[in-house]
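Chains A and B are the protein sequences, given in the same order. Add 2 to a position in the first sequence, counting from 1, and you land on the number used in my numbering. Add 289 to a position in the second sequence, counting from 1, and you land on the number used in my numbering. Every residue gets a Cβ at the ideal spot worked out from N, C-alpha and C, and that includes glycine. A quick write-up on the structure given underneath.
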Amino acid sequence: MKSRISRKPIDPAKALESVMDEDAGGVVLFVGTIRNQTNGKKVKGLEYEVYRRMAEREIAKLEEGIRKRWPVKSIRLVHREGKLEVGEVSVVVAVSAVHREEAFEAAWYAIDRIKESFPIWKREKFRGGRYAWAKGNPIQNYPVSAPAMREPQASSRGTVHRRKRSLVEA
Amino acid sequence: MIRVKMIYFAQAREAAGTKGEEFSLDKQSSVKTALSKAFEAHPKLRPLEKSIKVALNEEITQEDARLKEGDRVALLPPVVGG
């Protein structure tokens, strides 16, 4: 079984390659990267701390739940651990499915869960080498059968997604 | 007596000043007993008490769960991945 937590740089192309499937008509690749600022403050880098043993297991469970919920052909999630520079890849979600709708929905669901459901902590490095823990939320471990998406919020993301959903349902 | 492994992450690791340690506890001790001992040993952990979730052998657990020899009790501050 391939590891889902990586101490080395993640190659998104490899993750993409690993989910390619001749039965799939759509593949979605989401790549999360380290931004150069947070709340208007310049960020110099990041450090992820991971409870590896638990995260590996929980991510495997999420993948399994997603496979049961959507007709996904293949799914691969990889999250970084350790020190990262601005611009580096922090997380990759690759999903192949028969149709694009399921691939988008499953990938969207997976990245939302990665934000809130795994024992991962993030320290941001600011100018002068000062580190601060990014604000988190108590770990949420609800089953994958729970509603796929949180209610669209007043953000561009929610709007885009709602539009996507209505297309799917139409 | 039983021995359990305490594991601290992120802010909890910093507050405890260690990544982990072993506690000897009475048989039939609960997660709560282990937590009380941790807070006693590391008073700096106390402000985190309300926000922390606890994992027993890598599964989120409740304070009344019973412990056995070799269990791993991890203190998990609020998380954020991605």
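Asked, Found
"Where P367(B) meets chain A, residues with beta-carbon distance less than 8 Å", "K137, G138, N139, P140, I141"
"Given 8 Å, three or more beta-carbon pairs between the region 19-35 of chain A and the region 95-102 of chain A", "yes"
"Any 3 or more C-beta pairs closer than 8 Å across the region 66-77 of chain A and the region 120-133 of chain A", "no"
"Presumed contact (8 Å Cβ cut-off) between A323(B) and L356(B), rounded CB distance", "6 Å"
"Chain B contact for H81(A) (CB, 9 Å cutoff)", "yes"
"Cutoff 9 Å: V30(A) Cβ touching any chain B Cβ", "no"
"Own chain, CB closer than 8 Å to D315(B), minus 5 neighbours either side, in chain order", "M290, I291, T322"
"Boundaries of the alpha helix (DSSP H) in which S20(A) is found, first to last residue", "14-21"
"Outcome for D360(B) when other beta-carbon atoms lying within 10 angstroms are tallied against a minimum of 16", "buried"
"Residue-level contact to chain A via CB, F298(B), 9 Å cutoff", "yes"
"9 Å Cβ cutoff, I349(B) in contact with chain A", "yes"
"Backbone secondary structure at A26(A) - three-state DSSP", "coil"
"Within chain B, partners of W110(A) - CB distance below 7 Å", "Going along chain B, no residue has its Cβ under 7 Å from W110(A), so there is no contact; the nearest lies around 12 Å."
"Close beta carbons around Q317(B), own chain, < 6 Å, minus the five adjacent residues each side", "none"
"Minimum Cβ-Cβ distance from K10(A) to chain B less than 9 Å", "no"
"Beta bridge counterpart(s) of A323(B) as assigned by DSSP", "According to DSSP, A323(B) bridges with nothing at all."
"Buried or exposed (CB count within 10 angstroms, at least 16 for buried), S168(A)", "At S168(A) the pLDDT is 42, less than 50, meaning the model places this residue with poor confidence and gives no usable figure here."
"For S340(B), three-class secondary structure by DSSP", "helix"
"Neighbour flag for S147(A) against chain B, beta carbons, 9 Å", "no"
"C-beta contact flag for V369(B) and V320(B) at 9 Å", "no"
"E126(A) vs E83(A) beta-carbon contact at 9 Å", "no"
"Cβ neighbour criterion (16 or more within 10 Å) applied to P121(A)", "buried"
"For S313(B) and T35(A), the rounded distance between their alpha carbons", "43 Å"
"Spatial neighbours of Q351(B) in its chain, beta-carbon cut-off 6 Å, leaving aside the 5 residues before and after", "none"
"Span of the alpha helix (DSSP H) around M295(B)", "Run containing M295(B): none in the alpha helix (DSSP H); it sits in the beta strand (DSSP E), 291-297."
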